[in-house]
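Reading through the structure tokens given below for one structure.
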Amino acid sequence: MLLIKNVLLPDFDTLTTAPADLLIENGRFAAIAPQLSAQCETLDAHGMLALPGMADIHTHMVQSLTKGPLDDMNITQWLQKMLAAQWSLTADEWYYGVLLGCLQSLRYGVTAVNEMTYFPHIDAVVQAYQDAGLRVTFGIGATDIAENDQIKVTSVDECLRQAEYLYDRWHGKGLLRTAAVPQGRPACTPELMVALKQFARERGLVYHTHLAEGKAETERVRQWTGRGEAEELAHLGVLDENTILAHSIWLSDSEIDLLAQTKAVVAHCPSTNMKLSDGAPRIAQMLNAGVRVGFGCDGEASSANRDLLREARHGSYLQKVLTLDPTVLPAGQCYRMLTETGMAALGYRDLGKIAVGYQADFSLVRTDDLSTVNHRRILTNLLYAGSGSQVASVFVRGRRVVRNGRFTEHDVGRVLEQCERILAKLEARM
Ligand SMILES: [Zn+2]
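Read left to right, the sequence shown gives residues 593 to 1022 (my numbering).
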């Protein structure tokens, strides 16, 4: 049992905060009230904002190792070099790349991520997820069409075998869940898209894919099928409330309506979209049409960012400039997308809110920062002027994994040392 006194509880409707005490028992919020007392470990969190654990719903963690050397390249060159670097990694290098990404997410108050990863060295990858200590939904980015000479294609049967291998070994184990993860229609035959959806439906899993990210790739799908990419996925019957679609840029108005009707979730990754000059998805229009949207940092090779609060700021600003309307994606809506919508997209019914009965995934955020000063504007200032670095403590299932900005179970200095050793070798290979 843990009693946290004097936190500031956020209200995303009014964008205000109110002081409260939180009692945590068996990994859940047992009581929340202005004044609580209990005979147990007590923590005074005066001046700290309590923020629900955030969900990053589109990531490729291993790319934490390729942040930097792939900056400012055109997308064709970028994809070739990124994949060549990735295939050159050893099991040990995969482990540290994934651990580096996961620790950054946790450090910024993200307690659940949705990972598209790859099969070589999968044991090392999963070990990194488990050691990091956050919730990971993951699957192998399956592809059976070679978009370039660095793509490794896998048959439909083999993709299913890999998905089954993951499911049997790790689904529901600790904080892990597995998913069915075709890379996207430009890289997958209809047979593969459909087979993995069936696999996911039979087991109640998340189905996670890229949608209409590149203009050229979206055009290619139209040439093959006569349909837009979202129309094609609807035609294949793979869109439903358990489908997560990263990017979703090159869509028609009627395709946006399709996403709303099918309840599929869009993972908005604005840093990648801007940095790779993919284009700007019409998120404000999607939200208006009733599409469910969460945020994703994507891989750092493209976004250079694991700070999900910063991602939401980028997302809000991008929509304001795209629509020439400063009222779209207001702060309260961004916080909901970061927490409730993101967690629901991953199938968590009891995460994304600080409420009695919910699992105690949350962070304590410093409000005494020079850049966010003004205790009447904590929420808007954190989103628009602050950063994830203000997160002081992070709790997953009631357990404190970050305390005063430091990991309770990781020696970050050692992780950085290992990563620097790997990066020196990797950059020489690249
Ligand atoms: Zn991606």
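Note that the Cβ used here is the ideal one computed from N, Cα and C, for glycine as well. Treat the numbers as computed from the prediction; the structure is a model and nothing was measured.
Across the structure, residue 940 and residue 922 are spaced so that their CA atoms are roughly 24 Å apart.
DSSP lists 594 as the beta-bridge partner residues of residue 633.
Comparing alpha-carbon positions, the option among 634, 722 and 811 lying closest to residue 803 turns out to be 811. Contact check for residue 726 and residue 694: beta-carbon distance about 6 Å, within the 8 Å limit, so the pair qualifies.
Classified as buried, residue 658 has 16 or more neighbouring CB atoms from the shown chains inside 10 Å of its CB.
Look at residue 944: its beta carbon is at least 7 Å from all of the heavy atoms in ligand 1. Residue 830 places its beta carbon 8 Å or farther from that of residue 800.
A direct Cα-to-Cα measurement between residue 651 and residue 965 gives close to 32 Å. In the structure shown, residue 785 adopts helical secondary structure according to DSSP, grouped into three states. Non-local beta-carbon contacts of residue 688 in its own chain, meaning distances under 8 Å to residues more than five positions away in sequence, involve 657, 720, 1007, 1010, 1011 and 1014 in chain order. Residue ranges of uninterrupted beta strand (DSSP E) with 3 or more members, entirely inside the region 760-829 and ordered along the chain, are 768-770 and 799-803. When DSSP states are grouped into helix, strand and coil, residue 603 belongs to the strand group.
In terms of Cβ geometry, residue 691 and residue 724 form a close pair [threshold 8 Å]. For residue 913, the number of other beta carbons within 10 angstroms of its own is below 16, and it is reported as exposed.
When beta bridges are read from the DSSP output, residue 680 appears opposite no residue. For residue 806, the distance from the CB to the nearest heavy atom of ligand 1 is not below 7 Å.
Around the C-beta of residue 729, 16 or more other C-beta atoms lie within 10 Å, and the residue is accordingly described as buried. With fewer than 16 other CB atoms across the displayed protein chains lying within 10 angstroms of its CB, residue 918 is exposed. For residue 708, there is no enclosing alpha helix (DSSP H); the residue is found in the beta strand (DSSP E) stretching over 702-709.
The three-state secondary structure of residue 665, taken from DSSP, is coil. With fewer than 16 neighbouring CB atoms inside 10 Å of its own CB, residue 998 falls in the exposed class. Placement of the Cβ of residue 800 at a distance of 7 Å or more from every heavy atom of ligand 1 is found. CA-CA distance, residue 960 to residue 974, rounds to 11 Å.
In the three-state DSSP reduction, residue 951 falls in the strand class (E or B).
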